[in-house]
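2 protein chains.
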Amino acid sequence: MTNETIAPAADPAGPEPPAARFAEDATPRLLKIAEVAEELGLTARAVRYYEELGLLKPAARSEGSYRLFDDDDLERLRFIRGLRDDDGFSLAEIGRLLEDEEARERNRERFRTTPDLEERRQILRDALDRVERQATSLRGKSERITAMLDEVERRREHLERHLADLTAGREPSHDEAAHGQPAPVEQTR
Amino acid sequence: MTNETIAPAADPAGPEPPAARFAEDATPRLLKIAEVAEELGLTARAVRYYEELGLLKPAARSEGSYRLFDDDDLERLRFIRGLRDDDGFSLAEIGRLLEDEEARERNRERFRTTPDLEERRQILRDALDRVERQATSLRGKSERITAMLDEVERRREHLERHLADLTAGREPSHDEAAHGQPAPVEQTR
DNA sequence: GCTAACCTTCACGTAAACGGCAAGGTTTGC
DNA sequence: GCAAACCTTGCCGTTTACGTGAAGGTTAGC
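Sequence lines, in order, name chains C and V. Our numbering numbers the first residue of the first sequence as 1 and each following residue consecutively. Our numbering numbers the first residue of the second sequence as 1 and each following residue consecutively.
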């Protein structure tokens with residue numbers, strides 16, 4: 001999986017502005033867009049597009065307004081890519097999820113700074129509502145995927161038994177029940 | 001969700017061709033496109049589009065080439081809608097899944113009609129390959145969704161405890177660990 | 001048998017998620 | 001200090017999954 005955590009380190013890239021004599025040596029490691037794209041298997045265009053949609057803001061810009069990304073940006077992009085590729089979320093949905101995350105952070109702060117008990121309870125109730133909505137949506141997805149997966153596993157086992165039987169010379173040893181359903185997942189709605 | 005299983009029965013629609021004196025009285029119940037759309041919460045345009053993509057073929061056409069759909073068509077459309085809405089599959093992916101299903105049916109037939117043992121084994125091995133590919137893909141999706149769901153559930157419980165504590169007058173009773181991660185799902189790749 | 005309601009096939013329009021190119025500014029290596 | 005390589009912001013093109021008419025045939029109710 002070529003996991004190198006952070007940039008492949010093409011070269012130390014010399015000029016290092018010597019003005020960094022204050023407490024700033026925690027390897028800032030800012031990457032340019034092509035490096036980010038390479039690292040994550042995206043294109044520069046896609047990354048710019050995500051920014052255009054407001055899904056992220058590069059940590060900084062260079063003197064000449066080159067986009068510069070830090071580790072948090074990378075993490076965020078990995079998150080976006082994961083949801084997009086693996087779960088088929090639209091960028092709009094991803095945007096909502098990310099906003100939810102940020103709202104969560106803000107509310108946490110609000111919660112900490114307000115002394116009013118009733119307001120605190122309200123904040124918690126709102127958070128609960130959001131979380132329950134998310135859970136409902138995810139549970140639906142999860143159930144359907146799991147049902148499909150179960151069906152597919154059932155088939156695999158059936159095929160394996162059948163193949164083993166047939167290889168061993170035996171043939172009609174397994175039950176021949178349930179054969180009609182073409183659609184692997186049934187629905188109710 | 002206004003579940004009426006089959007069409008709301010607007011009217012029996014009279015002319016009933018009397019040539020059906022053979023074994024044909026299993027309520028054919030053919031629906032026109034707008035009825036199908038209404039029933040399934042789709043648009044007529046979408047249904048035509050699915051046909052255009054080859055995802056289904058209406059059971060029949062009327063004298064004047066009106067599309068007529070039977071129960072199997074409805075089932076197939078429900079399947080398509082489910083994958084599209086709930087699982088975020090693209091219509092292309094859905095097409096592949098449906099084709100897989102049909103290939104499965106065809107192979108089942110081939111299997112039954114060939115007497116050659118080695119060929120039979122090959123058919124089973126091919127089927128196993130396909131099934132394993134499907135399983136791998138689904139397992140990935142499932143794991144990621146499950147991880148998100150777990151995280152969300154964890155949060156819900158945390159919030160519920162917190163709210164209960166706060167309502168009961170107690171306040172700082174829960175552990176305050178693990179607070180930094182913004183992204184609900186971690187990745188490895 | 002006539003009209004309203006519904007259907008047909010084009011055909012063009014649109015939002016999403018980028019791809020690709022142009023024109024020009026920036027960085028880097030030597 | 002200069003060319004190659006990389007980046008910037010437009011801006012137009014493309015695919016997917018339909019929406020929205022237009023122009024005309026079909027069906028249904030009276």
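Ideal Cβ placement from N, Cα and C applies to all residues, glycine included.
Note to self: In whole angstroms, give me the CA-to-CA distance for Gly-95/C and Gly-41/C.
What the structure shows: 20 Å
Notebook entry, point to check: Which residues mark the beginning and the end of the alpha helix (DSSP H) in which Asp-70/V is found?
Noted result: Run containing Asp-70/V: none; DSSP gives neither H nor E here.
Next item on the list: Establish whether the CB of Pro-8/V and some CB of chain C are separated by less than 7 Å.
Entry: Any reading at Pro-8/V is ruled out, since the residue's pLDDT is 33, under 50, leaving its predicted position unreliable.
Note to self: Quick check on Ile-80/C - is its C-beta less than 7 Å from some C-beta in chain V?
What the structure shows: no
Checklist line | Close-in-space but distant-in-sequence residues of the same chain around Asp-100/V (CB under 8 Å, 5 per side omitted) | finding: Arg-130 and Gln-134
Notebook entry, point to check: Hey, Leu-159/V and Leu-124/C: beta-carbon distance below 7 Å or not?
Noted result: yes
Item checked: CB of Ser-142/C within 7 Å of CB of Leu-149/V, strictly -> yes
Notebook entry, point to check: Per DSSP, what kind of secondary structure is Arg-106/V in: helix, strand or coil?
Noted result: helix
Note to self: My output table needs one value for Ala-60/V: the three-state DSSP class, helix, strand or coil.
What the structure shows: strand
Notebook entry, point to check: Could you give the residue range of the alpha helix (DSSP H) that holds Ala-44/C?
Noted result: 44-52
Notebook entry, point to check: Run through DSSP, which three-state label would Leu-30/V get?
Noted result: coil
Note to self: Distance check for Ala-59/C and Arg-155/C, CA to CA, integer angstroms please.
What the structure shows: 49 Å
Item checked: Contact set between the segment 132-146 of chain V and chain C, restricted to residues whose Cβ is under 8 Å from the partner -> Glu-132, Gln-134, Ala-135, Leu-138, Arg-139, Gly-140, Lys-141, Ser-142, Arg-144, Ile-145 and Thr-146
Margin query: Here's a check: name, in chain order, each residue in its chain whose Cβ is nearer than 8 Å to the Cβ of Leu-83/V, leaving out the five neighbours to either side.
Written below: Phe-89, Glu-93, Ile-94 and Leu-97
Next item on the list: Could you have a look at Asp-116/V and say whether DSSP puts it in helix, strand or coil?
Entry: coil
Margin query: Taking 7 Å as the threshold (beta carbon to beta carbon), is Arg-130/V in contact with chain C?
Written below: no
Margin query: Taking CB distances under 7 Å as the criterion, tell me whether His-158/C reaches chain V.
Written below: no
Item checked: Asp-71/C at chain V interface by Cβ criterion, 7 Å -> no
Item checked: Straight-line gap, Leu-77/V to Ala-103/V (C-alpha atoms, nearest Å) -> 19 Å
Item checked: Where Leu-124/C meets chain V, residues with beta-carbon distance less than 8 Å -> Leu-159, His-162, Leu-163 and Leu-166
Check: Quick one: which chain V residues come within Cβ less than 7 Å of Ala-127/C?
Finding: Leu-159
Notebook entry, point to check: Where Ile-33/V and Ala-147/C are concerned, what is the direct C-alpha to C-alpha distance, given to the nearest angstrom?
Noted result: 30 Å
Check: Beta-carbon of Arg-154/C versus every beta-carbon of chain V: anything under 7 Å?
Finding: no
Next item on the list: Please confirm whether Gly-64/C and Asp-86/V have their CB atoms less than 7 Å apart.
Entry: no
Check: Using a beta-carbon distance below 7 Å, is Asp-86/C in contact with chain V?
Finding: yes
Next item on the list: Under 7 Å Cβ to Cβ from Ala-44/C, same chain only, skipping five residues before and after it: list those, please.
Entry: Ile-33, Ala-34 and Ala-37
Checklist line | Rounded straight-line distance, which links the Cα of Tyr-66/V to that of Lys-57/V | finding: 13 Å
Checklist line | Cα-Cα separation, Arg-109/C to Asp-116/C | finding: Position check: residue 109/C holds Glu in this sequence, whereas Arg was assumed. Approximately 14 Å, taken between the alpha carbons.
Item checked: Cutoff 7 Å: Leu-149/V Cβ touching any chain C Cβ -> yes
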